[in-house]
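Going by the working numbering, the sequence shown opens with residue 42, and the numbers climb by one from there.
A virtual CB, placed ideally from N, CA and C, is assigned to each residue, including glycine.
If you're wondering where the values come from, they're calculated on a predicted model, not measured in any experiment.
For reference, the structure is listed below as structure tokens.
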Amino acid sequence: MSVVLTHVTRGGEIESVHRGNLVVVDRSGRIVYSAGDASGYTYWRSAAKPFQVLPMIEAGGVERFGFSEEEIAVMTSSHGGEERHIDAVGRIFKKMGCGIDKLDCGAAKPMHPAAARKLLQQNMPYEQVHNPCSGKHSSMIALALIRGYVVDGYVQPEHPVQKEMLDVVKDVSGIEIESIKIGIDGCGVPVFGLPVYNMAKAYSLLADPETAGGSKRRDALKTVASAMSKNPFYVAGTGRLDTELIEVTNGRIIAKLGSEGVYCAAVTGAGLGIAIKIEDGNYRAIDPVIVELLRRLGLLTGEELEKLADRWVVKIKNHHKDVIGEIKAVF
42 MSVVLTHVTR GGEIESVHRG NLVVVDRSGR IVYSAGDASG YTYWRSAAKP FQVLPMIEAG
102 GVERFGFSEE EIAVMTSSHG GEERHIDAVG RIFKKMGCGI DKLDCGAAKP MHPAAARKLL
162 QQNMPYEQVH NPCSGKHSSM IALALIRGYV VDGYVQPEHP VQKEMLDVVK DVSGIEIESI
222 KIGIDGCGVP VFGLPVYNMA KAYSLLADPE TAGGSKRRDA LKTVASAMSK NPFYVAGTGR
282 LDTELIEVTN GRIIAKLGSE GVYCAAVTGA GLGIAIKIED GNYRAIDPVI VELLRRLGLL
342 TGEELEKLAD RWVVKIKNHH KDVIGEIKAV F
């Protein structure tokens, strides 16, 4: 059963609560910390992206197309649609020799408010490249090109690309395909439902690729971990938690959000994988929960915690900018 993870207070009284499940798993698959139900199912959403790029890397895509670490990072991202993100996705398609019109993620408003405003001010439409999943889709198209698959229809569950996505999720999470629930994500591709424990288990592999089976998988995981840890802006963007956690810890912690209150992280060196699900899907609870969890496990230095203070205890302000409450982890 889920537990209360955060209190939202006003005037010293609890006004709202957010329940959820979280789990921390070490490189052997042992649970080292949990709150709530580690076996609780939910959809992995965009937190699966660091693993969805693995088939393309293992197929030799980095060597064939000459992808940079920035470009690999944006393939794992839920990017903000900022100029550098759009440029990176554009470079990917140029290197593939493929038109960006092959994207089939749907046009979307950029996640970064200033990027969205700029398009409106210029009277320009939201396009597919602005979709936060366009990087992931570019890696799927790259995989199709390498394998010789027909690119059209690559988002469909029966397409060979999506079969490879399902296989890699099975492998890294340690759960059988029959136990993985399948839905459709906001960007049109299949999304995978599995226990939060198995999500954390996958992230423990990202934290310590040496525990992964097979040299090809180990090398691909190392490639992803290096790209994300060295290019935090391309993992999310300006003002985003993922980017800030990676930056503040100098890449020691690799973090990735998923929609509907999913959050995952890999703690390199320690070989730990973390998975969090906020039951009501409200993302406002994520910041205090992940920072408190990292603090409690001794995974942040005092200086790092100080830099993350505004996320550890989130201040609620009124329209006069007065602090009138807070969101705080209580698990």
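With DSSP run on the structure shown, which of helix, strand or coil describes Y167? Reading the sequence shown from its first residue, position 126 is the one you call residue 167. Note: Y167 maps to coil in three-state DSSP.
Answer yes or no: do G101 and L184 have a C-beta to C-beta separation smaller than 8 Å? Within the sequence shown, numbered from 1, the residue matching residue 101 stands at position 60. Within the sequence shown, numbered from 1, the residue matching residue 184 stands at position 143. In this structure, L184 does not lie closer than 8 Å to G101 by Cβ.
Less than 8 Å separating the beta-carbons of T284 and E345? As a working mapping, residue 284 is identified with position 243 in the sequence shown. As a working mapping, residue 345 is identified with position 304 in the sequence shown. Against a cut-off of 8 Å, the Cβ pair of E345 and T284 comes out as no contact.
How would you call G314, buried or exposed, if buried means at least 16 neighbouring beta carbons within 10 angstroms? By 1-based counting over the sequence shown, the position of residue 314 is 273. G314 should be labelled buried.
Between S410 and S75, is the Cβ-Cβ spacing less than 8 Å? Because the chain in this structure spans residues 42 to 372, residue 410 falls outside the shown range and cannot be described.
Hey, is the region 195-213 in contact with the region 222-235, meaning 3+ C-beta pairs nearer than 8 Å? Taking a cut-off of 8 Å for Cβ pairs, the region 195-213 and the region 222-235 touch, as three or more such pairs fall below it.
Alpha carbon to alpha carbon, what distance is there between S80 and K362? The count along the sequence shown starts at 1 and reaches residue 362 at position 321. The count along the sequence shown starts at 1 and reaches residue 80 at position 39. C-alpha separation (whole angstroms): 41 Å.
Is the region 345-355 in contact with the region 320-337, if contact means three or more CB pairs nearer than 8 Å? yes
CA nearest to the CA of R281, picked from I319, T309, D145 and R325: Position 240 of the sequence shown, counted from the start, is the residue given in the question as residue 281. Nearest option by C-alpha distance: R325.
Tell me which residues share the same chain as I141 and place their Cβ nearer than 8 Å to its Cβ, disregarding the 5 neighbours each side in the sequence. As a working mapping, residue 141 is identified with position 100 in the sequence shown. V130, G131, F134, Q169 and V170.
Are at least three pairs of beta-carbons, each pair with one atom in the region 105-125 and one in the region 173-191, less than 8 Å apart? yes
Nearest residue (CA-CA) to L341, options T264, T309 and K211: Position 300 of the sequence shown holds residue 341. Answer by Cα proximity: T309.
T252 and R68 - do their beta-carbons sit closer together than 8 Å? Counted from its first residue, the sequence shown places residue 68 at position 27. Counted from its first residue, the sequence shown places residue 252 at position 211. Yes.
By a C-beta neighbour count over all protein chains shown, 10 Å radius and 16 as the cutoff for buried, is G215 buried or exposed? As a first step, residue 215 must be located in the sequence shown, where it is residue number 174. Burial call: exposed.
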